[in-house]
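For the protein sequence lines, the chains are A and B, in the order given. Sequential numbering from 298 applies to the first sequence in the numbering used here. Sequential numbering from 38 applies to the second sequence in the numbering used here. Note that the Cβ used here is the ideal one computed from N, Cα and C, for glycine as well.
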Amino acid sequence: MKISRTFLQLLGMVTVISVAMSSCSSVKPYQKSKIKDADMILSARKVQKFEQSFQLYREGASGANGGKSGGGCGCN
Amino acid sequence: MKKIYFHVLFMYLGMFGAYAQTTPVAIKPDSSSYQSRKLKIDEVNLVSAYYNQNGNNSAVTGGIGTEKLSDIANTIDLQLSRFNKRGKKNTFLFELGIDHYTSASSDKIDPSTISSASAADTRIYPSLNWTHSNEQTGNAYGFTGSYSTEFDYQSVGAAFNLTRLSKDKNTQFDFKLQAFLDQWTVILPVELRTGNTGKRGEEYGTAPRNSFSASFSLAQVINKNFQAALILEPSYQHGLLATKYQRDYFTDGSLRAETLPDKRYKLPIGLRMNYFLGDRFVIRSFYRYYMDNWGIRAHTAELEIPVKVNSFFSISPFYRYNNQTGTRYFAAYGQHDPTAQYFTSDYDLSTLNSDFYGMGIRFSPPKGVLGWQRLNMLELRYGHYARSTGLASNIVSLNLKFK
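Structure representation (structure tokens):
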């Protein structure tokens, strides 16, 4: 049976996430000083806003990175 | 008898005493949980960027010719909040953006003019988000309205966002629904126009382009140094998805305006993992796999390592790699099959690799940047982008945060 490359890639990603999730420990609020650091934010930062815009225009792929995924022409 | 009276008296006094122990606590206002109900400014952000690019594969001229372009982009966002009677927080985020670009390739839509309308343009885009949140649980929901206008393009957007947090606040689920209802003025290359005149003396019609997307994000604190988020963002576009002023040349020498399917389904899935290494290093990583029904497949990986020089200054080198398999509708200048139904010579949709690298600095001293208390943070980034098709660009971005 031929398994598509895409399926294997998604399976790999799910495996990485599952391993990460299984090693979770309950972190108390007072232990979150590093988690709450500005550089630890789980999204692109505001200063990256226009970098994401030009990458959206100059490449065919978009979305899932906290940036814009629709609207506007991006035709220049 | 006196003994009994004294016992009863002491019992009552004891009861009053016990009551007296509790009443003041109940009546005394808890200053630690007090929240002002006045509307207050949380923060103001100014983000500006200068971008320039050059290359030799302009889609306006069929995949050959200059792609020289420069863009100055600015946004200001103002975040205000107030608590209601029930202690719930209402946050209002107003954003106004203004971009101005000059484009040598867009000027080739009508090369006979000295300076056509498309050589430069300004885009203005305001938006307003309202989010209602419970500070105790972290749960929230909100709505956004947005508008964008430029010479040939108008966009009206609406969005709904929802956040749910687990009891221990280590797991966060975010959901967002977005819709953009756009109207595009159809501008053809000058040699394909029929001669009627309309807006600004040229013949233009309009066509819709609508985009709908849903975003699902699951973020998890894995340990006190490590957290990750998985993001899935399917989207659907319908309407005029081709850029009609882009030319396509065929093997028989004929010329047509770009034509692409009127439907596009996109499925990106992203994984973000951030790790705090020791006391000075943060490893920020991002991977995305993307696929759509036009045949585009892409892998994007990013790595950024902020180094904390001290408690208020950090330096962040970064690198991003993108590998893309192009759309099946792409062909280079003069290579299109005359029998093809859909065709584009837009190299943005072609098979390519790209590298983007640079450095950022972040400065947030406790007494304010340059001693100005209200200027809470300054962030400056420079990046260089190089694409395997020959296109190269540079971008400088600045974020000033006022509190």
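What does a CB cutoff of less than 6 Å around residue 387 (chain B) pick up in its chain, not counting 5 residues either side in sequence?
Answer for residue 387 (chain B): 363 and 367, listed in chain order.
Compare the C-beta of residue 333 (chain A) with all C-beta atoms of chain E and state if any pair is closer than 8 Å.
The structure shown contains no chain E; its protein chains are A and B.
Residue 91 (chain B) versus residue 128 (chain B): straight-line alpha-carbon distance, rounded
Each residue's Cα considered, the two are about 41 Å apart.
What in chain A is Cβ-close to residue 440 (chain B), meaning under 8 Å?
None at all; the shortest Cβ gap to chain A is about 13 Å.
Measure from the C-beta of residue 420 (chain B) to each C-beta in chain A and report whether the shortest distance is under 8 Å.
A Cβ of chain A is located within less than 8 Å of the beta carbon of residue 420 (chain B).
Within-8 Å CB hit, residue 349 (chain A) to chain B:
No, because no Cβ of chain B sits closer than 8 Å to the Cβ of residue 349 (chain A).
Between the C-alpha atoms of residue 243 (chain B) and residue 225 (chain B), what's the straight-line distance to the nearest angstrom?
12 Å
Please return the same chain residues whose Cβ sits closer than 8 Å to the Cβ of residue 288 (chain B), not counting the five positions on each side in sequence.
371, 372, 373, 374 and 375
Got a sec: is the Cβ-Cβ distance from residue 285 (chain B) to anything in chain A below 8 Å?
no
Taking only beta-carbon positions, decide if residue 75 (chain B) is within less than 8 Å of chain A.
no
C-alpha distance - residue 136 (chain B) paired with residue 322 (chain B), whole-angstrom precision
29 Å
Same chain, Cβ closer than 8 Å to residue 96 (chain B), neighbours up to 5 away in sequence not counted
For residue 96 (chain B), the CB contacts under 8 Å within the same chain, skipping 5 residues up- and downstream, are 142, 280, 283, 284, 295, 381, 382, 383, 384 and 385 in chain order.
Since residue 215 (chain B) is in the beta strand (DSSP E), which residue starts that stretch and which ends it?
Residue 215 (chain B) -> beta strand (DSSP E) spans 208 to 223.
May I ask you to list the residues that DSSP assigns as paired with residue 197 (chain B)?
B:180 and B:214
Which partner residues does residue 117 (chain B) have in the DSSP bridge list?
B:78 and B:129
By a C-beta neighbour count over all protein chains shown, 10 Å radius and 16 as the cutoff for buried, is residue 347 (chain A) buried or exposed?
buried
Could one say the Cβ of residue 302 (chain B) lies closer than 8 Å to chain A's Cβ atoms, at least one of them?
no
Establish whether the CB of residue 153 (chain B) and some CB of chain A are separated by less than 8 Å.
Here residue 153 (chain B) scores only 45 on pLDDT, less than 50, and its place in the model should not be relied on; the value that follows carries that caveat. No - not a single Cβ of chain A is within 8 Å of the one on residue 153 (chain B).
Identify the contact partners of residue 307 (chain B) in chain A, using a Cβ-Cβ distance below 9 Å as the criterion.
360, 361, 362 and 363
Can the beta-carbon of residue 94 (chain B) be found less than 8 Å from the beta-carbon of residue 297 (chain B)?
no
How about residue 427 (chain B): is its C-beta nearer than 8 Å to some C-beta of chain A?
no
Chain-ordered chain A contacts of residue 379 (chain B) [CB-CB under 7 Å]:
By Cβ distance, chain A contributes nothing, its closest Cβ being about 14 Å from residue 379 (chain B), past 7 Å.
Thinking C-beta only, is residue 420 (chain B) closer than 8 Å to residue 413 (chain B)?
No, the pair does not count as a contact, with Cβ atoms beyond the cut-off.
With a CB to CB cut of under 7 Å and the five nearest residues on each side skipped, what residues in its chain are close to residue 187 (chain B)?
158, 159 and 160
Below 7 Å CB to CB, which residues in the same chain sit around residue 189 (chain B) once its five sequence neighbours on both sides are set aside?
Cβ neighbours of residue 189 (chain B) within its own chain (closer than 7 Å, five residues either side excluded): 221, 222 and 224.
Does the beta carbon of residue 357 (chain A) sit closer than 8 Å to a beta carbon anywhere in chain B?
yes
The beta strand (DSSP E) that contains residue 264 (chain B), what's its start and end?
263 to 269
Taking residue 325 (chain B) as the query, report the chain A residues whose CB atoms sit under 9 Å from its CB, ordered along the chain.
Close to residue 325 (chain B), with beta-carbon spacing below 9 Å, are these residues of chain A in chain order: 358, 360, 361 and 362.
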